[in-house]
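Numbering (the working numbering), first residue to last: 902 to 1499.
Even glycine gets a Cβ: it sits at the ideal position worked out from N, Cα and C.
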(Lines of atoms letter the chains of each structure in order from A and count residues from 1; the text may use other names and numbers.)
(Lines give C-alpha, C1' and ligand atoms only; values in the text may rest on other atoms or scores of the structure.)
Protein backbone atom coordinates (compact mmCIF):
# COMPACT_ATOMS: atom_id res chain seq x y z
CA UNK A 1 0.00 0.00 0.00
CA UNK A 2 1.61 3.23 -1.14
CA UNK A 3 1.79 6.44 0.89
CA UNK A 4 0.46 9.30 -1.21
CA UNK A 5 2.45 12.55 -1.35
CA UNK A 6 0.97 15.61 0.38
CA UNK A 7 -1.59 17.34 -1.83
CA UNK A 8 -4.02 20.21 -1.45
CA UNK A 9 -7.29 18.93 -2.93
CA UNK A 10 -9.20 22.14 -2.17
CA UNK A 11 -9.30 25.46 -3.98
CA UNK A 12 -7.07 28.10 -2.42
CA UNK A 13 -3.45 28.02 -1.34
CA UNK A 14 -2.55 26.77 2.13
CA UNK A 15 -2.37 29.62 4.64
CA UNK A 16 1.03 30.85 5.77
CA UNK A 17 2.25 32.20 9.08
CA UNK A 18 3.35 35.82 8.95
CA UNK A 19 6.20 36.91 11.23
CA UNK A 20 6.30 40.60 12.17
CA UNK A 21 9.62 41.75 13.76
CA UNK A 22 8.82 45.02 15.53
CA UNK A 23 11.50 47.41 16.75
CA UNK A 24 12.11 50.69 18.53
CA UNK A 25 11.98 53.11 15.59
CA UNK A 26 14.38 55.74 16.95
CA UNK A 27 17.25 56.09 14.49
CA UNK A 28 20.61 57.41 15.53
CA UNK A 29 21.81 54.40 17.51
CA UNK A 30 18.80 52.74 19.17
CA UNK A 31 17.19 51.09 16.15
CA UNK A 32 20.51 50.24 14.57
CA UNK A 33 21.65 48.40 17.70
CA UNK A 34 18.53 46.20 17.65
CA UNK A 35 18.18 45.32 13.96
CA UNK A 36 20.17 42.10 13.97
CA UNK A 37 18.75 40.81 17.24
CA UNK A 38 15.18 41.50 16.13
CA UNK A 39 15.51 39.90 12.68
CA UNK A 40 17.35 36.91 14.17
CA UNK A 41 14.46 36.42 16.54
CA UNK A 42 12.03 36.43 13.58
CA UNK A 43 14.15 34.01 11.53
CA UNK A 44 14.52 31.62 14.47
CA UNK A 45 10.77 31.57 15.12
CA UNK A 46 10.04 31.00 11.44
CA UNK A 47 12.45 28.07 11.33
CA UNK A 48 11.07 26.60 14.54
CA UNK A 49 7.49 26.69 13.29
CA UNK A 50 8.32 25.35 9.83
CA UNK A 51 10.39 22.53 11.33
CA UNK A 52 7.69 21.46 13.79
CA UNK A 53 4.40 21.93 11.97
CA UNK A 54 2.65 20.52 8.93
CA UNK A 55 -0.73 21.29 7.48
CA UNK A 56 -3.46 18.69 8.00
CA UNK A 57 -2.86 17.39 4.47
CA UNK A 58 0.84 16.88 5.06
CA UNK A 59 2.09 19.93 3.18
CA UNK A 60 4.83 21.98 4.86
CA UNK A 61 3.93 25.12 6.76
CA UNK A 62 5.52 28.21 5.24
CA UNK A 63 6.43 31.31 7.19
CA UNK A 64 6.64 34.79 5.66
CA UNK A 65 8.82 37.40 7.37
CA UNK A 66 8.30 41.12 6.84
CA UNK A 67 10.85 42.64 4.47
CA UNK A 68 12.16 44.86 7.26
CA UNK A 69 11.75 45.40 10.95
CA UNK A 70 8.64 47.39 11.81
CA UNK A 71 9.28 50.63 13.63
CA UNK A 72 6.20 52.58 12.61
CA UNK A 73 2.98 52.69 10.66
CA UNK A 74 4.56 52.85 7.18
CA UNK A 75 6.48 49.63 7.75
CA UNK A 76 3.42 48.04 9.39
CA UNK A 77 1.41 48.87 6.27
CA UNK A 78 4.11 47.46 4.00
CA UNK A 79 4.12 44.26 6.05
CA UNK A 80 0.32 44.00 5.86
CA UNK A 81 0.46 44.38 2.09
CA UNK A 82 3.09 41.65 1.81
CA UNK A 83 0.99 39.37 4.01
CA UNK A 84 -2.06 39.89 1.81
CA UNK A 85 -0.02 39.19 -1.30
CA UNK A 86 1.58 36.05 0.18
CA UNK A 87 -1.62 34.52 1.58
CA UNK A 88 -0.79 34.84 5.26
CA UNK A 89 -3.51 33.47 7.53
CA UNK A 90 -1.86 33.79 10.96
CA UNK A 91 0.01 36.79 12.38
CA UNK A 92 2.84 36.53 14.91
CA UNK A 93 4.71 39.62 16.14
CA UNK A 94 8.11 39.16 17.80
CA UNK A 95 10.34 41.69 19.51
CA UNK A 96 13.17 41.90 22.04
CA UNK A 97 12.57 45.55 22.83
CA UNK A 98 10.26 48.47 23.35
CA UNK A 99 8.29 49.52 20.24
CA UNK A 100 5.47 51.97 19.56
CA UNK A 101 2.35 49.95 20.29
CA UNK A 102 -0.53 51.08 18.09
CA UNK A 103 1.87 52.28 15.40
CA UNK A 104 3.37 48.84 14.88
CA UNK A 105 0.48 46.46 15.68
CA UNK A 106 -1.35 44.23 13.20
CA UNK A 107 -4.81 45.68 12.49
CA UNK A 108 -6.31 42.91 10.30
CA UNK A 109 -9.51 41.90 12.14
CA UNK A 110 -9.64 38.36 10.74
CA UNK A 111 -6.09 37.15 11.35
CA UNK A 112 -5.44 35.29 14.61
CA UNK A 113 -2.74 37.30 16.39
CA UNK A 114 -0.01 36.71 18.94
CA UNK A 115 2.92 38.73 20.23
CA UNK A 116 6.07 37.23 21.70
CA UNK A 117 7.81 39.77 23.89
CA UNK A 118 11.32 38.61 24.75
CA UNK A 119 11.90 38.32 28.50
CA UNK A 120 15.18 40.19 28.86
CA UNK A 121 16.52 43.01 30.99
CA UNK A 122 18.64 44.94 28.48
CA UNK A 123 15.61 46.14 26.53
CA UNK A 124 11.96 46.13 27.73
CA UNK A 125 10.37 43.62 25.32
CA UNK A 126 7.88 42.69 28.02
CA UNK A 127 6.84 46.32 28.37
CA UNK A 128 6.00 46.47 24.67
CA UNK A 129 4.09 43.21 24.99
CA UNK A 130 1.94 44.69 27.76
CA UNK A 131 1.45 47.99 25.95
CA UNK A 132 0.55 46.54 22.56
CA UNK A 133 -1.70 43.95 24.20
CA UNK A 134 -3.61 46.78 25.87
CA UNK A 135 -3.90 48.56 22.51
CA UNK A 136 -5.26 45.41 20.86
CA UNK A 137 -7.84 44.99 23.60
CA UNK A 138 -8.88 48.64 23.48
CA UNK A 139 -9.42 48.35 19.73
CA UNK A 140 -11.31 45.05 19.94
CA UNK A 141 -8.59 42.95 18.29
CA UNK A 142 -7.86 40.01 20.62
CA UNK A 143 -4.22 38.97 20.82
CA UNK A 144 -2.39 36.07 22.48
CA UNK A 145 0.47 37.13 24.76
CA UNK A 146 3.63 35.00 24.74
CA UNK A 147 6.12 35.76 27.47
CA UNK A 148 8.80 33.38 28.69
CA UNK A 149 8.90 32.51 32.37
CA UNK A 150 12.68 32.92 32.75
CA UNK A 151 14.83 35.94 31.94
CA UNK A 152 17.16 35.43 28.97
CA UNK A 153 20.38 37.24 28.09
CA UNK A 154 20.16 39.53 25.07
CA UNK A 155 22.46 37.30 23.05
CA UNK A 156 20.49 34.13 23.82
CA UNK A 157 18.79 33.10 20.57
CA UNK A 158 17.16 29.96 21.96
CA UNK A 159 13.41 29.59 22.29
CA UNK A 160 12.51 28.43 25.82
CA UNK A 161 10.33 25.32 26.18
CA UNK A 162 7.36 27.23 27.62
CA UNK A 163 7.51 29.70 24.74
CA UNK A 164 7.75 26.85 22.23
CA UNK A 165 4.60 25.27 23.64
CA UNK A 166 2.63 28.50 23.30
CA UNK A 167 4.00 29.21 19.83
CA UNK A 168 2.93 25.79 18.58
CA UNK A 169 -0.49 25.94 20.25
CA UNK A 170 -1.22 29.37 18.83
CA UNK A 171 0.13 28.58 15.36
CA UNK A 172 -1.71 25.28 14.97
CA UNK A 173 -5.01 26.76 16.12
CA UNK A 174 -4.50 29.81 13.94
CA UNK A 175 -3.81 27.66 10.90
CA UNK A 176 -7.02 25.74 11.63
CA UNK A 177 -8.95 29.01 11.56
CA UNK A 178 -7.33 30.07 8.31
CA UNK A 179 -7.76 26.64 6.69
CA UNK A 180 -11.54 26.73 7.17
CA UNK A 181 -12.03 30.24 5.83
CA UNK A 182 -13.67 30.21 2.40
CA UNK A 183 -14.17 26.44 2.26
CA UNK A 184 -17.51 24.59 2.34
CA UNK A 185 -19.54 22.22 4.44
CA UNK A 186 -21.39 19.92 2.04
CA UNK A 187 -24.77 18.75 3.28
CA UNK A 188 -25.57 15.56 1.38
CA UNK A 189 -29.25 15.34 2.15
CA UNK A 190 -31.15 17.05 4.93
CA UNK A 191 -32.31 16.39 8.47
CA UNK A 192 -31.79 12.81 9.66
CA UNK A 193 -34.39 11.42 12.05
CA UNK A 194 -34.96 14.82 13.65
CA UNK A 195 -31.38 15.04 14.97
CA UNK A 196 -30.71 18.67 15.88
CA UNK A 197 -27.13 18.62 14.62
CA UNK A 198 -28.37 17.79 11.13
CA UNK A 199 -30.56 20.92 11.06
CA UNK A 200 -27.84 22.82 9.21
CA UNK A 201 -27.28 26.25 10.76
CA UNK A 202 -25.87 28.52 8.08
CA UNK A 203 -25.41 31.36 10.57
CA UNK A 204 -23.00 29.34 12.71
CA UNK A 205 -21.00 27.90 9.84
CA UNK A 206 -20.70 31.23 8.04
CA UNK A 207 -20.25 33.77 10.85
CA UNK A 208 -18.17 31.75 13.31
CA UNK A 209 -16.16 29.49 10.98
CA UNK A 210 -16.06 31.30 7.64
CA UNK A 211 -17.51 28.26 5.85
CA UNK A 212 -20.14 28.39 3.15
CA UNK A 213 -22.89 25.78 3.09
CA UNK A 214 -23.46 23.67 0.00
CA UNK A 215 -26.48 21.37 -0.16
CA UNK A 216 -27.35 18.55 -2.53
CA UNK A 217 -30.32 16.19 -2.53
CA UNK A 218 -29.40 12.53 -2.12
CA UNK A 219 -31.03 11.82 -5.47
CA UNK A 220 -27.77 13.14 -6.94
CA UNK A 221 -26.18 9.85 -5.86
CA UNK A 222 -28.87 7.94 -7.77
CA UNK A 223 -28.35 10.08 -10.88
CA UNK A 224 -24.60 9.59 -10.86
CA UNK A 225 -24.88 5.85 -10.27
CA UNK A 226 -27.50 5.32 -12.98
CA UNK A 227 -25.82 7.60 -15.52
CA UNK A 228 -22.31 6.36 -14.78
CA UNK A 229 -20.94 9.69 -13.56
CA UNK A 230 -17.96 8.25 -11.70
CA UNK A 231 -14.55 6.94 -12.69
CA UNK A 232 -15.26 3.43 -14.00
CA UNK A 233 -11.62 2.37 -13.84
CA UNK A 234 -11.31 3.51 -10.25
CA UNK A 235 -14.54 1.71 -9.40
CA UNK A 236 -13.14 -1.58 -10.68
CA UNK A 237 -9.93 -1.02 -8.72
CA UNK A 238 -11.86 -0.06 -5.59
CA UNK A 239 -14.34 -2.94 -5.83
CA UNK A 240 -11.58 -5.52 -6.19
CA UNK A 241 -9.66 -3.95 -3.30
CA UNK A 242 -12.73 -3.95 -1.07
CA UNK A 243 -13.51 -7.60 -1.71
CA UNK A 244 -9.91 -8.50 -0.92
CA UNK A 245 -9.45 -6.30 2.16
CA UNK A 246 -12.87 -5.93 3.78
CA UNK A 247 -13.72 -9.36 5.23
CA UNK A 248 -17.37 -10.14 5.83
CA UNK A 249 -18.50 -11.12 9.31
CA UNK A 250 -21.61 -12.79 10.67
CA UNK A 251 -25.00 -11.75 9.31
CA UNK A 252 -27.00 -11.01 12.47
CA UNK A 253 -30.32 -10.71 10.63
CA UNK A 254 -32.82 -13.54 11.08
CA UNK A 255 -32.18 -16.25 8.44
CA UNK A 256 -35.53 -15.71 6.76
CA UNK A 257 -34.83 -11.97 6.38
CA UNK A 258 -31.24 -12.13 5.16
CA UNK A 259 -30.48 -10.73 1.74
CA UNK A 260 -29.32 -13.12 -0.97
CA UNK A 261 -25.69 -13.38 -2.03
CA UNK A 262 -26.53 -11.53 -5.24
CA UNK A 263 -28.18 -8.72 -3.27
CA UNK A 264 -25.19 -8.46 -0.94
CA UNK A 265 -22.79 -8.27 -3.86
CA UNK A 266 -24.91 -5.51 -5.38
CA UNK A 267 -24.87 -3.71 -2.01
CA UNK A 268 -21.08 -3.82 -2.11
CA UNK A 269 -21.01 -2.37 -5.63
CA UNK A 270 -23.42 0.43 -4.75
CA UNK A 271 -21.57 1.17 -1.50
CA UNK A 272 -18.28 1.59 -3.35
CA UNK A 273 -19.91 3.83 -5.95
CA UNK A 274 -21.45 5.94 -3.18
CA UNK A 275 -18.02 6.46 -1.62
CA UNK A 276 -16.54 7.56 -4.95
CA UNK A 277 -19.45 9.91 -5.60
CA UNK A 278 -19.34 11.46 -2.11
CA UNK A 279 -15.62 12.18 -2.47
CA UNK A 280 -16.15 13.65 -5.95
CA UNK A 281 -18.95 15.84 -4.60
CA UNK A 282 -16.63 17.14 -1.90
CA UNK A 283 -13.41 17.86 -3.80
CA UNK A 284 -14.17 17.25 -7.47
CA UNK A 285 -12.49 14.88 -9.90
CA UNK A 286 -10.72 15.91 -13.14
CA UNK A 287 -11.49 12.47 -14.59
CA UNK A 288 -15.16 13.47 -14.80
CA UNK A 289 -14.26 16.36 -17.09
CA UNK A 290 -12.47 13.93 -19.41
CA UNK A 291 -15.69 11.92 -19.47
CA UNK A 292 -17.70 14.98 -20.53
CA UNK A 293 -19.05 16.00 -17.12
CA UNK A 294 -17.37 19.36 -16.66
CA UNK A 295 -19.83 20.71 -14.11
CA UNK A 296 -19.65 17.64 -11.89
CA UNK A 297 -15.85 17.64 -12.09
CA UNK A 298 -15.60 20.81 -9.98
CA UNK A 299 -16.88 19.46 -6.66
CA UNK A 300 -18.03 21.75 -3.85
CA UNK A 301 -14.65 22.67 -2.30
CA UNK A 302 -15.81 20.95 0.91
CA UNK A 303 -13.43 20.57 3.81
CA UNK A 304 -16.17 18.65 5.64
CA UNK A 305 -19.46 17.00 4.73
CA UNK A 306 -22.32 14.94 6.09
CA UNK A 307 -24.53 12.19 4.65
CA UNK A 308 -28.15 12.05 5.81
CA UNK A 309 -28.93 8.42 4.98
CA UNK A 310 -31.71 7.67 7.42
CA UNK A 311 -34.43 7.28 6.70
CA UNK A 312 -35.47 8.14 3.17
CA UNK A 313 -32.28 6.76 1.64
CA UNK A 314 -31.70 3.77 3.88
CA UNK A 315 -35.29 2.53 3.64
CA UNK A 316 -34.70 1.91 -0.05
CA UNK A 317 -30.96 1.83 -0.81
CA UNK A 318 -27.74 0.63 0.90
CA UNK A 319 -26.81 2.72 3.90
CA UNK A 320 -23.89 5.13 3.99
CA UNK A 321 -21.86 3.14 6.49
CA UNK A 322 -19.15 2.08 4.04
CA UNK A 323 -19.01 5.57 2.54
CA UNK A 324 -18.51 7.13 5.98
CA UNK A 325 -16.08 4.53 7.29
CA UNK A 326 -13.72 4.43 4.32
CA UNK A 327 -13.67 8.17 3.61
CA UNK A 328 -12.96 9.09 7.24
CA UNK A 329 -10.14 6.53 7.37
CA UNK A 330 -6.56 7.38 6.36
CA UNK A 331 -6.34 4.74 3.62
CA UNK A 332 -8.27 3.11 0.81
CA UNK A 333 -7.66 1.51 -2.60
CA UNK A 334 -5.53 4.49 -3.61
CA UNK A 335 -3.16 3.99 -0.68
CA UNK A 336 -2.52 5.90 2.54
CA UNK A 337 -3.86 9.44 2.33
CA UNK A 338 -5.46 12.17 4.49
CA UNK A 339 -8.91 11.30 5.85
CA UNK A 340 -12.03 13.12 4.72
CA UNK A 341 -14.33 14.53 7.38
CA UNK A 342 -17.79 13.03 6.73
CA UNK A 343 -20.46 13.08 9.43
CA UNK A 344 -22.92 10.27 9.92
CA UNK A 345 -26.58 11.31 9.73
CA UNK A 346 -25.42 14.67 8.41
CA UNK A 347 -24.77 15.82 11.98
CA UNK A 348 -22.91 18.94 10.95
CA UNK A 349 -22.12 19.91 14.54
CA UNK A 350 -20.32 16.63 15.08
CA UNK A 351 -18.79 16.91 11.62
CA UNK A 352 -17.33 20.29 12.59
CA UNK A 353 -16.07 18.76 15.84
CA UNK A 354 -14.34 16.08 13.75
CA UNK A 355 -12.89 18.81 11.56
CA UNK A 356 -11.48 20.65 14.59
CA UNK A 357 -9.80 17.43 15.69
CA UNK A 358 -8.35 16.76 12.25
CA UNK A 359 -7.02 20.29 11.82
CA UNK A 360 -5.38 20.26 15.26
CA UNK A 361 -3.99 16.69 15.32
CA UNK A 362 -3.59 16.00 11.56
CA UNK A 363 -5.09 12.55 12.20
CA UNK A 364 -8.46 10.89 11.66
CA UNK A 365 -11.37 11.35 14.06
CA UNK A 366 -13.91 8.86 15.37
CA UNK A 367 -17.62 9.71 15.03
CA UNK A 368 -19.64 7.90 17.70
CA UNK A 369 -22.87 7.78 19.62
CA UNK A 370 -22.30 8.54 23.28
CA UNK A 371 -24.61 5.67 23.96
CA UNK A 372 -24.37 4.12 27.41
CA UNK A 373 -22.88 4.65 30.85
CA UNK A 374 -22.05 1.30 32.40
CA UNK A 375 -21.64 1.60 36.17
CA UNK A 376 -19.42 -0.89 38.01
CA UNK A 377 -22.52 -2.37 39.64
CA UNK A 378 -24.31 -2.79 36.31
CA UNK A 379 -21.30 -4.46 34.71
CA UNK A 380 -20.97 -6.77 37.72
CA UNK A 381 -24.66 -7.67 37.58
CA UNK A 382 -24.66 -8.44 33.85
CA UNK A 383 -21.25 -10.08 33.47
CA UNK A 384 -20.00 -10.98 36.93
CA UNK A 385 -16.86 -8.94 36.20
CA UNK A 386 -15.47 -6.22 38.48
CA UNK A 387 -14.20 -3.22 36.56
CA UNK A 388 -10.67 -2.26 37.53
CA UNK A 389 -7.89 0.19 36.78
CA UNK A 390 -8.98 3.29 34.92
CA UNK A 391 -12.37 1.64 34.35
CA UNK A 392 -13.04 1.13 38.08
CA UNK A 393 -15.48 4.06 38.22
CA UNK A 394 -17.47 2.99 35.18
CA UNK A 395 -17.16 3.24 31.41
CA UNK A 396 -18.84 4.98 28.48
CA UNK A 397 -19.85 2.87 25.50
CA UNK A 398 -19.10 4.86 22.35
CA UNK A 399 -20.73 2.92 19.55
CA UNK A 400 -21.63 4.35 16.20
CA UNK A 401 -24.82 3.87 14.24
CA UNK A 402 -22.69 4.71 11.20
CA UNK A 403 -19.18 3.24 11.17
CA UNK A 404 -16.22 5.20 12.40
CA UNK A 405 -12.77 5.67 10.87
CA UNK A 406 -10.86 2.40 10.77
CA UNK A 407 -7.94 4.28 12.35
CA UNK A 408 -10.08 3.98 15.47
CA UNK A 409 -9.14 0.31 15.80
CA UNK A 410 -5.97 1.53 17.51
CA UNK A 411 -3.83 -0.77 15.37
CA UNK A 412 -1.35 2.00 14.61
CA UNK A 413 1.36 2.56 17.19
CA UNK A 414 3.61 5.23 18.62
CA UNK A 415 6.44 4.24 20.95
CA UNK A 416 4.93 0.78 21.14
CA UNK A 417 1.53 2.04 22.31
CA UNK A 418 -1.75 2.15 20.32
CA UNK A 419 -2.30 5.41 18.47
CA UNK A 420 -4.03 7.24 15.63
CA UNK A 421 -1.44 9.06 13.56
CA UNK A 422 -1.19 11.63 10.76
CA UNK A 423 -1.37 9.79 7.48
CA UNK A 424 2.26 10.44 6.57
CA UNK A 425 3.36 8.54 9.70
CA UNK A 426 1.19 5.48 9.03
CA UNK A 427 3.02 2.47 7.63
CA UNK A 428 1.47 0.05 5.13
CA UNK A 429 1.63 -2.63 7.82
CA UNK A 430 -0.38 -0.47 10.21
CA UNK A 431 -3.03 0.27 7.60
CA UNK A 432 -3.32 -3.44 6.85
CA UNK A 433 -3.63 -4.19 10.57
CA UNK A 434 -6.53 -1.73 10.84
CA UNK A 435 -8.27 -3.51 7.96
CA UNK A 436 -7.65 -6.95 9.47
CA UNK A 437 -9.06 -5.81 12.82
CA UNK A 438 -12.33 -4.82 11.12
CA UNK A 439 -15.12 -7.07 9.91
CA UNK A 440 -17.99 -5.96 7.71
CA UNK A 441 -21.48 -7.15 8.51
CA UNK A 442 -24.69 -7.09 6.53
CA UNK A 443 -26.55 -4.14 7.98
CA UNK A 444 -29.34 -4.63 10.47
CA UNK A 445 -32.40 -4.69 8.22
CA UNK A 446 -34.56 -3.48 11.08
CA UNK A 447 -32.67 -0.19 10.89
CA UNK A 448 -31.58 -0.24 7.25
CA UNK A 449 -34.24 -1.79 5.03
CA UNK A 450 -32.23 -1.05 1.91
CA UNK A 451 -29.27 -3.16 3.05
CA UNK A 452 -25.65 -2.17 3.07
CA UNK A 453 -22.58 -3.01 5.10
CA UNK A 454 -21.60 -1.92 8.62
CA UNK A 455 -18.23 -2.21 10.34
CA UNK A 456 -17.37 -3.98 13.53
CA UNK A 457 -14.19 -3.39 15.50
CA UNK A 458 -13.11 -2.77 19.07
CA UNK A 459 -10.75 0.10 19.82
CA UNK A 460 -7.59 -0.99 21.62
CA UNK A 461 -7.32 0.23 25.18
CA UNK A 462 -4.59 2.46 26.51
CA UNK A 463 -4.92 5.33 24.03
CA UNK A 464 -5.09 8.86 25.44
CA UNK A 465 -8.03 10.45 23.64
CA UNK A 466 -10.09 13.62 23.72
CA UNK A 467 -13.82 13.75 23.01
CA UNK A 468 -15.38 17.05 21.96
CA UNK A 469 -18.73 18.33 20.74
CA UNK A 470 -19.97 21.75 19.66
CA UNK A 471 -23.62 22.46 20.46
CA UNK A 472 -25.97 25.30 19.55
CA UNK A 473 -28.20 27.10 22.04
CA UNK A 474 -30.89 29.61 21.07
CA UNK A 475 -29.80 33.04 22.29
CA UNK A 476 -26.28 31.89 23.14
CA UNK A 477 -24.98 30.48 19.87
CA UNK A 478 -22.31 27.77 19.72
CA UNK A 479 -20.70 26.34 22.86
CA UNK A 480 -18.26 23.46 23.07
CA UNK A 481 -17.45 20.70 25.56
CA UNK A 482 -14.20 18.78 26.04
CA UNK A 483 -13.55 15.50 27.83
CA UNK A 484 -10.01 14.14 27.95
CA UNK A 485 -9.59 10.51 28.94
CA UNK A 486 -8.49 7.08 27.76
CA UNK A 487 -9.73 4.08 25.84
CA UNK A 488 -9.83 0.92 27.94
CA UNK A 489 -9.80 -2.81 27.29
CA UNK A 490 -12.33 -5.26 28.66
CA UNK A 491 -11.97 -9.03 28.76
CA UNK A 492 -13.36 -10.55 25.56
CA UNK A 493 -16.31 -12.24 27.24
CA UNK A 494 -17.26 -9.07 29.10
CA UNK A 495 -17.03 -7.00 25.93
CA UNK A 496 -19.11 -9.50 23.97
CA UNK A 497 -21.81 -9.64 26.63
CA UNK A 498 -22.15 -5.85 26.79
CA UNK A 499 -21.77 -5.36 23.03
CA UNK A 500 -24.41 -7.95 22.16
CA UNK A 501 -26.96 -5.98 24.20
CA UNK A 502 -26.91 -3.15 21.65
CA UNK A 503 -25.84 -3.76 18.03
CA UNK A 504 -22.79 -5.94 17.37
CA UNK A 505 -22.54 -4.77 13.76
CA UNK A 506 -21.21 -1.37 14.88
CA UNK A 507 -17.71 -0.38 16.08
CA UNK A 508 -17.13 0.02 19.82
CA UNK A 509 -14.82 2.27 21.82
CA UNK A 510 -14.79 1.87 25.61
CA UNK A 511 -13.98 5.32 27.00
CA UNK A 512 -13.17 6.60 30.48
CA UNK A 513 -12.99 10.38 30.88
CA UNK A 514 -10.62 11.84 33.43
CA UNK A 515 -12.75 12.78 36.42
CA UNK A 516 -12.08 15.61 38.86
CA UNK A 517 -14.46 14.92 41.73
CA UNK A 518 -16.50 18.06 41.13
CA UNK A 519 -18.90 19.67 38.66
CA UNK A 520 -19.72 17.87 35.40
CA UNK A 521 -16.59 15.72 35.86
CA UNK A 522 -17.50 14.58 39.35
CA UNK A 523 -17.62 11.01 38.06
CA UNK A 524 -18.07 9.12 34.79
CA UNK A 525 -21.86 9.05 35.13
CA UNK A 526 -21.98 12.85 35.46
CA UNK A 527 -19.94 13.29 32.28
CA UNK A 528 -22.46 11.16 30.40
CA UNK A 529 -25.37 12.98 32.03
CA UNK A 530 -23.98 16.37 30.96
CA UNK A 531 -23.00 15.48 27.39
CA UNK A 532 -24.79 17.93 25.14
CA UNK A 533 -26.01 15.65 22.35
CA UNK A 534 -26.20 12.03 21.22
CA UNK A 535 -22.91 12.21 19.28
CA UNK A 536 -19.29 12.97 20.08
CA UNK A 537 -16.06 13.26 18.09
CA UNK A 538 -12.98 11.51 19.43
CA UNK A 539 -9.35 12.06 18.52
CA UNK A 540 -6.01 10.68 19.62
CA UNK A 541 -4.08 12.45 22.37
CA UNK A 542 -4.88 14.95 25.08
CA UNK A 543 -5.28 18.10 23.02
CA UNK A 544 -8.13 19.81 24.86
CA UNK A 545 -6.03 22.91 25.49
CA UNK A 546 -5.48 23.24 21.73
CA UNK A 547 -9.25 23.04 21.19
CA UNK A 548 -9.81 25.75 23.81
CA UNK A 549 -7.33 28.06 22.08
CA UNK A 550 -9.01 27.45 18.71
CA UNK A 551 -12.43 28.15 20.20
CA UNK A 552 -11.29 31.46 21.65
CA UNK A 553 -10.13 32.54 18.19
CA UNK A 554 -13.56 31.65 16.77
CA UNK A 555 -15.43 33.13 19.80
CA UNK A 556 -16.93 29.78 20.81
CA UNK A 557 -17.06 29.46 24.62
CA UNK A 558 -16.08 26.17 26.24
CA UNK A 559 -18.72 25.33 28.84
CA UNK A 560 -17.46 21.98 30.10
CA UNK A 561 -13.91 20.66 30.29
CA UNK A 562 -11.56 18.67 32.52
CA UNK A 563 -8.43 20.67 31.73
CA UNK A 564 -6.02 22.24 34.18
CA UNK A 565 -6.68 25.99 34.09
CA UNK A 566 -2.92 26.53 33.83
CA UNK A 567 -2.98 24.83 30.43
CA UNK A 568 -5.54 27.24 28.97
CA UNK A 569 -4.07 29.70 26.49
CA UNK A 570 -6.44 32.40 25.31
CA UNK A 571 -6.16 36.03 24.20
CA UNK A 572 -5.07 38.45 26.92
CA UNK A 573 -8.44 40.23 26.84
CA UNK A 574 -10.14 37.16 28.33
CA UNK A 575 -8.51 37.97 31.70
CA UNK A 576 -10.24 41.35 31.75
CA UNK A 577 -13.62 39.61 31.73
CA UNK A 578 -12.91 37.84 35.03
CA UNK A 579 -9.41 36.73 35.96
CA UNK A 580 -10.58 34.56 38.85
CA UNK A 581 -13.27 32.69 36.89
CA UNK A 582 -11.87 31.73 33.49
CA UNK A 583 -14.95 29.80 32.32
CA UNK A 584 -17.30 32.72 32.92
CA UNK A 585 -14.73 35.07 31.41
CA UNK A 586 -14.65 32.90 28.29
CA UNK A 587 -18.42 33.29 27.85
CA UNK A 588 -18.32 37.05 28.41
CA UNK A 589 -15.37 37.61 26.10
CA UNK A 590 -16.85 35.53 23.29
CA UNK A 591 -20.16 37.39 23.59
CA UNK A 592 -18.40 40.76 23.69
CA UNK A 593 -16.22 40.26 20.62
CA UNK A 594 -18.82 38.26 18.70
CA UNK A 595 -18.37 35.81 15.82
CA UNK A 596 -15.04 36.11 14.03
CA UNK A 597 -16.75 36.96 10.74
CA UNK A 598 -19.38 39.35 12.07
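May I have a chain-ordered list of the beta strand (DSSP E) segments no shorter than 3 residues that lie completely inside the region 931-1017? 964-966 and 989-996
What do you reckon, are the CB atoms on residue 957 and residue 1260 nearer than 8 angstroms? yes
Among 1175, 1285 and 1002, which residue has its Cα nearest to the Cα of residue 1025? 1002
Report yes if the CB atom of residue 1311 is closer than 8 angstroms to the CB atom of residue 1319, and no otherwise. yes
What distance in whole Å lies between the Cβ atoms of residue 1269 and residue 1300, which are believed to be in contact at a cut-off of 8 angstroms? 6 angstroms
Buried or exposed (CB count within 10 angstroms, at least 16 for buried), residue 1246: buried
Given a threshold of 16 other Cβ atoms within 10 Å of its Cβ, counted over all protein chains shown, does residue 1256 qualify as buried or as exposed? buried
Kindly indicate which residue of 999, 1228 and 1450 has the alpha-carbon position closest to the one of residue 1069. 1450
Take residue 1055 as the anchor and find which of 1087, 1018, 1074 and 1444 has the nearest alpha-carbon. 1018
Which stretch, first to last residue, makes up the alpha helix (DSSP H) that contains residue 1213? Taken as a continuous stretch (DSSP letters only), residue 1213 belongs to no alpha helix (DSSP H), as it is neither H nor E.
Kindly give me the distance between the Cβ atoms of residue 1210 and residue 1198, rounded to whole angstroms, as I take these residues to be in contact under 8 angstroms. So it is not a contact: roughly 25 angstroms between Cβ atoms.
Under the three-state reduction of DSSP, which class applies to residue 1058: helix, strand or coil? coil
Ordered list of beta strand (DSSP E) runs contained in the region 1199-1267, each at least 3 residues: 1203-1208 and 1243-1245
Whose CA, out of 1358, 1141, 1351 and 1385, lies closest to the CA of residue 1367? 1385
Does residue 1124 come out as helix, strand or coil in the three-state DSSP assignment? helix
Cα separation between residue 1151 and residue 1345? 11 angstroms
First and last residue of the beta strand (DSSP E) that includes residue 1368? 1365-1374
Rounded to whole angstroms, what is the Cα-Cα separation between residue 1179 and residue 1202? 12 angstroms
According to DSSP, is residue 1118 helix, strand or coil? coil
Is the Cβ-Cβ distance between residue 1239 and residue 1324 less than 8 angstroms? yes
Under 8 angstroms, with one C-beta from each stretch per pair, do the region 1031-1051 and the region 1464-1476 reach the 3-pair mark? yes
With DSSP run on the structure shown, which of helix, strand or coil describes residue 1378? strand
Cβ contact (3+ pairs, closer than 8 angstroms) linking the region 918-929 and the region 1084-1094: no
Output the boundary residues of the alpha helix (DSSP H) element that contains residue 902. Residue 902 -> no alpha helix (DSSP H), and no H or E assigned at all.
Jot down the residue ranges of each uninterrupted alpha helix (DSSP H) in the region 1329-1367, minimum 4 residues, whole runs only, in chain order. 1329-1337
Distance between residue 1448 and residue 1262 (C-alpha atoms, nearest Å): 10 angstroms
Note down, in chain order, each residue of its chain lying with its Cβ closer than 8 angstroms to the Cβ of residue 955, except the 5 sequence neighbours on either side. 907, 961, 962, 1263, 1323 and 1325
In the region 1393-1468, which residue ranges form an unbroken beta strand (DSSP E) of at least 3 residues, counting only runs that do not cross its ends? 1409-1414, 1436-1441 and 1459-1461
Taking a contact to mean a Cβ-Cβ separation below 8 angstroms, would you say residue 1228 touches residue 1241 in this structure? yes
With three or more C-beta pairs closer than 8 angstroms as the rule, is the region 1450-1459 touching the region 1369-1386? yes
Inter-stretch contact (C-beta, 8 angstroms, three-pair minimum) for the region 978-996 and the region 1004-1018: yes
Top-ranked residue by Cα proximity to residue 1066, from 1078, 1050, 1080 and 1057: 1050
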